[in-house]
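Residue numbers (the working numbering): -1 to 323.
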């Protein structure tokens, strides 16, 4: 169930796709392009992370990151280049690691958090406007938030975020909703997160700077199975926020607060298999949906507010052990 940006999937929908051998000895769980789309990081059950340079249909292995994890690596996340070349990783071994490129193609682990009590299932960097900050979701039910302050990492936590464990976490964009059409001063952006868990719930959290805590803003109940992934859509400054969630109940739910100010169901997509991942395009207008039957669907909202299935692509992920396609 390797993940790609929706924009990458869309480009493959319009051009010939290709696969290549990564050299991983076991299953690949994640594959992420950097900000410029020039480098690809892969995470595997063989406990390693590999970084490839992509040039058209050719690729070159640049680095192999070993020794950071003692279990399967579930996810990787690139930082925005504003903060240097940083890569976050999370693993079944309960650890979150930050890797820094100290010289060209030479990486070293600069930070490791080992305070989670169970597998760390998801890790993602926050918007670069908030500084060096990332969040990690764990099977112990908590979400940790790490911010680089005064030359050191400061760890915060949302305890008991989801009963049974947290499977996914995603940041809200820093650009405030409706800022493009707002009159007068634009309000200061607030840090917000969306999480999905084994309690079948999706939750919205907001950072309370005065109390230095994360407040629960809203609990969204629609799914009838574990929520496997959540994704907050990028903002262009237009009114409304949009979040997508997917579940083992074979559904994808698109939530929006455009009408009432609080999140409500805008659309529900029925799929043929369990849904593992959802990912928005850079513009936030196309949603990629990855199913357990090795298919990826692309959905787009039309002018009249209806969601349309643009394409269905068989990615052949059942044969993806050791390969990226």
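Each residue gets a CB set at the ideal place from its N, CA and C atoms; glycine is no exception.
Being a predicted model, the structure only gives us computed values, none of them experimental.
Q.
Can you tell me whether residue 53 sits near the ligand MN, meaning its C-beta is under 7 Å from at least one heavy atom of the ligand?
A. Because no ligand of any kind appears in the structure shown, any question about the ligand MN cannot be addressed here.
Q) Got a sec? Which residues, its chain only, sit under 8 Å from residue 9 by beta carbon, not counting five neighbours each side? A) Within the chain shown, numbered from 1, the residue matching residue 9 stands at position 11. Bear in mind that a pLDDT of 42 at residue 9, under 50, signals an unreliable position, so the model cannot answer this.
Q | Through-space distance from residue 239 to residue 204, alpha-carbon basis | A | Start at 1 with the first residue of the chain shown, and residue 204 comes out as number 206. Start at 1 with the first residue of the chain shown, and residue 239 comes out as number 241. CA-CA distance, residue 204 to residue 239, rounds to 14 Å.
Q) Roughly how many angstroms separate the alpha carbons of residue 294 and residue 22, rounded to a whole number? A) As a first step, residue 294 is located in the chain shown; it is residue number 296 there, counting from the start. As a first step, residue 22 is located in the chain shown; it is residue number 24 there, counting from the start. Looking at the two C-alpha atoms, the distance is approximately 23 Å.
Q) Apart from the five residues on each side of it in sequence, which residues of its chain come closer than 6 Å, Cβ to Cβ, to residue 27? A) The residue you call residue 27 lines up with position 29 of the chain shown. Within its own chain, the residues whose Cβ lies closer than 6 Å to the Cβ of residue 27, once the five positions on either side in sequence are excluded, are 41, 72, listed in chain order.
Q) To the nearest whole angstrom, what separates the beta carbons of residue 142 and residue 155, a pair I think is in contact under 8 Å? A) On the chain shown, residue 142 is found 144 positions in, with the first residue counted as 1. On the chain shown, residue 155 is found 157 positions in, with the first residue counted as 1. Contact between residue 142 and residue 155 holds: CB atoms are separated by about 5 Å, below the 8 Å threshold.
Q. DSSP three-state call for residue 160: helix, strand or coil?
A. Start at 1 with the first residue of the chain shown, and residue 160 comes out as number 162. Looking at residue 160 - three-state DSSP - the assignment turns out to be coil, as it is neither helix nor strand.
Q) So what does DSSP say about residue 221, is it helix, strand or coil? A) Your numbering for residue 221 matches position 223 in the chain shown. Correct three-state label for residue 221: coil.
Q. From which residue to which residue does the beta strand (DSSP E) around residue 256 run?
A. What you label residue 256 is simply residue 258 of the chain shown in a count that begins at 1. Neither: residue 256 is in no beta strand (DSSP E) and is coded neither H nor E.
Q. Where residue 169 and residue 129 are concerned, what is the direct C-alpha to C-alpha distance, given to the nearest angstrom?
A. As a first step, residue 169 must be located in the chain shown, where it is residue number 171. As a first step, residue 129 must be located in the chain shown, where it is residue number 131. So the two alpha carbons sit approximately 13 Å from each other.
Q: Spell out a yes or no on whether the stretch 215 to 234 and the stretch 193 to 203 are touching, meaning 3 or more CB-CB pairs, one atom from each, closer than 8 Å.
A: A contact exists between the stretch 215 to 234 and the stretch 193 to 203.
Q | Cβ shell of residue 136 (< 8 Å), same chain only, five flanking positions each side left out | A | The sequence position of residue 136 within the chain shown is 138, counting from 1. If we look at residue 136 and ignore the five residues flanking it on each side, its Cβ neighbours are 92, 114, 115, 116, 117, 118, 119, 142, 163, 164.
Q.
Between 43, 44, 24, 48, which has its C-alpha nearest residue 30's C-alpha?
A. Within the chain shown, the letter at position 32 stands for residue 30. Minimum Cα-Cα distance from residue 30 among the listed residues 43, 44, 24, 48 corresponds to 48.
Q: Rounded to whole angstroms, what's the CA-CA distance from residue 278 to residue 95? Just pull it up for me.
A: In the chain shown, the residue the question calls residue 278 occupies position 280. In the chain shown, the residue the question calls residue 95 occupies position 97. Roughly 25 Å separates the two Cα atoms.
(Q) Just to confirm the assignment: which complete beta strand (DSSP E) runs, minimum length 3, are found wholly within the stretch 93 to 155? (A) Taking only runs of at least 3 residues, the beta strand (DSSP E) segments lying wholly in the stretch 93 to 155 are 94 to 101, 104 to 111, 118 to 123, 131 to 136, 141 to 147.
Q.
Measuring straight from C-alpha to C-alpha, what distance separates residue 174 and residue 98?
A. Residue mapping note: residue 174 aligns to position 176 of the chain shown, counting from 1. Residue mapping note: residue 98 aligns to position 100 of the chain shown, counting from 1. The alpha-carbon atoms of residue 174 and residue 98 are separated by roughly 30 Å.
Q: Under 6 Å Cβ to Cβ from residue 109, same chain only, skipping five residues before and after it: list those, please.
A: Within the chain shown, residue 109 is the residue found at index 111, counting from 1. Take residue 109, set aside five residues on each side of it, and the residues of its chain with a beta-carbon closer than 6 Å to its own are 96, 151, in chain order.
Q. Taking the beta strand (DSSP E) that residue 71 falls in, what are its first and last residues?
A. Counting from 1 along the chain shown, the entry for residue 71 is found at position 73. Judged by DSSP secondary structure, residue 71 falls within the beta strand (DSSP E) whose first and last residues are 71 to 76.
Q. Roughly how many whole angstroms lie between the Cα atoms of residue 133 and residue 20?
A. Locating residue 133 in the chain shown gives position 135, where the first residue counts as 1. Locating residue 20 in the chain shown gives position 22, where the first residue counts as 1. Going by the C-alpha atoms only, they are around 28 Å apart.
Q. How would you write the range of the beta strand (DSSP E) that residue 30 sits in, first residue to last?
A. Residue mapping note: residue 30 aligns to position 32 of the chain shown, counting from 1. Start and end: 26 to 31.
Q: Provide the residue(s) that pair with residue 57 in DSSP beta bridges, ordered along the chain.
A: One-based indexing of the chain shown puts residue 57 at position 59. In the DSSP assignment, residue 57 is bridged to 52.
Q | Nearest candidate by alpha-carbon position, reference residue 122, set 86, 138, 157, 145 | A | Here residue 122 refers to the residue found at position 124 of the chain shown. Minimum Cα-Cα distance from residue 122 among the listed residues 86, 138, 157, 145 corresponds to 86.
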